[in-house]
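-1 is the number of the first residue of the sequence shown in the numbering used here; add one for each residue after it. We put the beta carbon where it would ideally sit given N, CA and C, even for glycine. Okay, so here's the structure we're looking at.
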Amino acid sequence: MADAEREERPERPAESDGTAHLFRALGRQIKVLRERAGMSQRELGLAAHCGEDLVSAVERGVRTPQPDFLERVDRVVGAGGVLVAAADEVREALARSRTRHPDWFRDYARVEAEAVALHDYSNQAVPGLLQTEEYARALFTRRRPLLDEATVEKRVADRMARQQVFERWPLPTFSYVLEEAVLQRPIGGRSAHIGQLRRLLHAGRMRNVELQVMPTSTEEHPNLDGPFILLTPRGRKEVAYTEVQGHARLITDPDEVRLVNERYGIMRAQALTPRESLTLIEKMLGER
């Protein structure tokens, strides 16, 4: 959901406003400063109170270095305020970053970025916010009509950037119901599949994330109309988002949202519990 990246209309020039170049340049600077300090990505992550994956993604320019991240790294690597000096520019770039998304996706991206709660039902692919870089690249590379390489890389970078929603404070609430078939489909090959399953395990163990699997053997199902997302923006009422064959729809009508919410509640009751779901993924990885 929210990741079909359709081509309903051309992207506007504003989507190439230079913010991505800023983030890539900062990533290269962080790498140089880290190596000069004689630290590995893992060591920097531990010292800066973040994950090694985040450090790697920032250095490669596929994740935006948040201002507080820059401040912590600046202290750890002894940058003397070089990274802190870029914090204001990063804040401004983040405020404009929504324009990197296509027109049809912009409304959703704006709501997602400020959501205090997000509930996702997916039946075809892993939700964009939970995808690994390798998995996302495989999806975009094989989609039809084919995308050129530059567009593929841009879409992957944008998708990884959206995952910063997990790093906000206070922590938003997330829940996911995934059809078992989503876990079984080896998008991108064995290596990408294993990496994606491990990513789901990691996400499912986060204290603000509940991940549940809907077994294929389930004899009843309240929702055969396709995937959807329920979002609660800060200070606003819950909305729903759907995508069907290239057509996106942000639903704000309270009665329609209530129906989607009702279906989601029934699915959560029918699916495996979060603990059972993680155990299933562990078995698929041969860890049980």
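Residue i (DSSP reduced to helix, strand or coil)
i    : result
L116 : strand
S189 : helix
V124 : coil
L283 : coil
L81  : coil
E208 : strand
G202 : helix
S336 : Residue 336 lies beyond the stretch modelled for the chain, which goes from -1 to 286, so this question has no answer here.
E217 : coil
A46  : coil
G25  : helix
Q64  : coil
R196 : helix
P8   : Bear in mind that the predicted position of P8 carries a pLDDT of just 31, short of 50, making it too unreliable to give a figure here.
R183 : coil
R58  : coil
Inter-residue CB distance, residue i and residue j (contact presumed, cutoff 8 angstroms)
i    : j    : result
H117 : Y262 : 6 angstroms
D72  : G79  : 6 angstroms
G59  : A148 : 14 angstroms between Cβ atoms; not a contact.
P213 : L270 : 6 angstroms
Cβ shell of residue i (< 7 angstroms), same chain only, five flanking positions each side left out
i    : result
V150 : R135, F138, T139
R286 : T277, E280
L52  : G43, R61
T230 : A113, V114, A115, E236
R157 : D1, G126, Q129, A134
P170 : A113, V114, A115, L116, V163, N206
A201 : L128, V207, L209
Residues near residue i by beta carbon distance below 8 angstroms, same chain, minus five either side
i    : result
R96  : With a pLDDT of 43 at R96, under the threshold of 50, the modelled position of that residue is not reliable, and no figure is offered here.
R89  : P65
Q162 : R61, T62, Q64
V180 : S120, N121, Q122, A123, V124
V82  : L68, E69, D72
Check whether residue i and residue j have beta carbons under 9 angstroms apart
i    : j    : result
V124 : I192 : no
L288 : R153 : The requested residue 288 does not occur in the structure, where the chain is confined to residues -1 to 286.
Y174 : L199 : no
Y119 : I249 : no
V75  : R32  : yes
E241 : S189 : no
R160 : G126 : yes
V56  : L24  : yes
T216 : Q182 : no
Sequence-distant residues of its chain with Cβ nearer than 6 angstroms to residue i (five each side left out)
i    : result
E50  : Q39, R40, G43
L283 : L195
R232 : E112, V114
S275 : L209, Q210, V211
Any non-hydrogen atom of the ligand NAP closer than 8 angstroms to residue i Cβ
i    : result
G187 : You won't find the ligand NAP in this model; it holds no ligand whatsoever.
Proximity test, Cβ basis, 9 angstroms: residue i and chain D
i    : result
R261 : Judged by its chain identifiers, the structure shown contains no chain D, having just a single protein chain.
Go through the segment 223 to 280 residue by residue and report every complete run of the alpha helix (DSSP H) that reaches 4 residues or more, in order.
252 to 268
Enumerate, from N- to C-terminal direction, the unbroken beta strand (DSSP E) stretches of 3 or more residues contained entirely within the segment 116 to 180.
171 to 177
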